Amino acid sequence: MYIQLNGQIIYYEKSGEGSPVILVHGNKETHKIFDVLIPELSKEHTVYALDSRGHGLSASVSTFHYTDMAEDIIAFVHALDLVKPAFYGFSDGGIIGLIAAYKRPFLFSSLIVSGANLTPRGLKLSTRLPIRLLYLKNKDPLTALMLKEPHIKKSDLGKITTPTLVLAGSKDIVKKRETKRIASSIPDAVLKILPGETHFSYVVHSPKLFPLLNEFLRDFS
């Protein structure tokens with residue numbers, strides 16, 4: 190399905206019945222990374238899986254900013270009259286969720302983010318350097334986004350009132366101290382560092398994600 194938000198055409202898929210859950214993917218991905226997760230979540234929830242602006246079947250854009258993507262999510266909730274949806278975001282999707290949650294503290298019933306960072310320096314150097322080299326080759330605006338943004342402050346996270354679960358792999362591309370900083374800056378947030386997991390391994394086409402989300406969603410949806 191398509192919806193126009195903030196002057197953008199956004200594609201999303203809806204499945205299941207029950208309390209609403211919004212899913213947002215990472216950089217250069219689509220909602221299809223959640224193909225294993227969605228059928229399980231749909232048994233108890235109405236799942237809205239979006240393609241962020243400039244991704245997948247959503248309309249293309251020339252420049253990207255996380256704040257614009259967060260405003261898309263806020264507008265999506267209002268346009269569909271969703272009442273306190275839960276939100277899960279992976280990587281860039283997690284950044285988007287954090288921004289939306291501090292801009293609108295009462296928008297979500299619960300917030301789950303995994304592999305998110307607060308600034309570009311929150312990524313390990315071993316990740317930032319290849320991204321820089323890639324940008325020199327392709328000048329891709331989505332690659333540039335990872336090098337220039339986000340810029341989320343501890344004081345911003347302190348505005349979040351939503352029950353929050355912060356996830357990352359022990360072998361994540363995000364620095365462990367960055368993940369811990371996110372969790373410690375959000376009031377009463379729960380932190381889980383997953384042993385042996387990378388940035389992607391427990392999320393993309395993975396059955397490991399559903400149990401992590403389901404336990405938290407049952408408490409707060």
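The numbering used here numbers the first residue of the sequence shown as 190 and each following residue consecutively. Don't be surprised by glycine CBs; every beta carbon is placed ideally from N, CA and C. From a predicted model like this one, the values you see are computed outputs, not experimental measurements.
If you follow the beta strand (DSSP E) that residue i is part of, which residue opens it and which one closes it?
i    : result
I382 : 379–387
I192 : 191–194
Residue range of the alpha helix (DSSP H) that residue i falls in?
i    : result
P319 : 314–327
E229 : 226–230
E338 : No alpha helix (DSSP H) holds E338; DSSP gives it neither H nor E.
G245 : Neither: G245 is in no alpha helix (DSSP H) and is coded neither H nor E.
G286 : 281–292
I263 : 255–268
L402 : 398–409
L346 : 343–346
I371 : 365–374
Around the C-beta of residue i, are 16 or more other C-beta atoms found within 10 angstroms, so that it is buried, or is it exposed?
i    : result
F295 : exposed
V393 : buried
A372 : buried
N306 : buried
E206 : exposed
E260 : buried
A238 : buried
I341 : buried
E218 : buried
P274 : buried
D377 : exposed
Q197 : buried
D408 : exposed
S249 : exposed
P339 : buried
L325 : exposed
L287 : buried
Residue i and residue j look like a contact to me (Cβ under 8 Å); what is the Cβ gap, rounded to whole Å?
i    : j    : result
V236 : I222 : Not really, about 13 Å apart at Cβ, beyond 8 Å.
V213 : I263 : Not quite, the Cβ-Cβ distance comes to about 12 Å (not below 8 Å), so this is no contact.
V210 : H234 : 5 Å
H388 : G304 : 5 Å
Based on the DSSP secondary-structure assignment, which residues constitute the bridge partners of residue i?
i    : result
P209 : T235
L354 : I301, V379
D240 : Y200
A275 : V210, S299
K360 : T387
Where residue i and residue j are concerned, what is the direct C-alpha to C-alpha distance, given to the nearest angstrom?
i    : j    : result
M258 : R242 : 7 Å
Y191 : D224 : 19 Å
L300 : F276 : 5 Å
F328 : A289 : Strictly speaking, residue 328 in this sequence is Lys, with Phe absent from that position. If you take the alpha carbons of K328 and A289, they lie about 28 Å apart.
I284 : E229 : 24 Å
S390 : L269 : 32 Å
V355 : E386 : 14 Å
Y291 : I375 : 10 Å
L402 : S251 : 33 Å
K369 : P352 : 16 Å
G347 : R321 : 31 Å
L246 : F265 : 16 Å
Y255 : G215 : 11 Å
K381 : H267 : 31 Å
L314 : A333 : 16 Å
Y357 : S298 : The sequence shown places Ala at residue 357, rather than the Tyr named in the question. Rounded to the nearest angstrom, the two C-alpha atoms are 21 Å apart.
L398 : N195 : 31 Å
R366 : I199 : 34 Å
May I ask whether a heavy atom of the ligand COA can be found less than 7 Å away from the beta carbon of residue i?
i    : result
L398 : Because no ligand of any kind appears in the structure shown, any question about the ligand COA cannot be addressed here.
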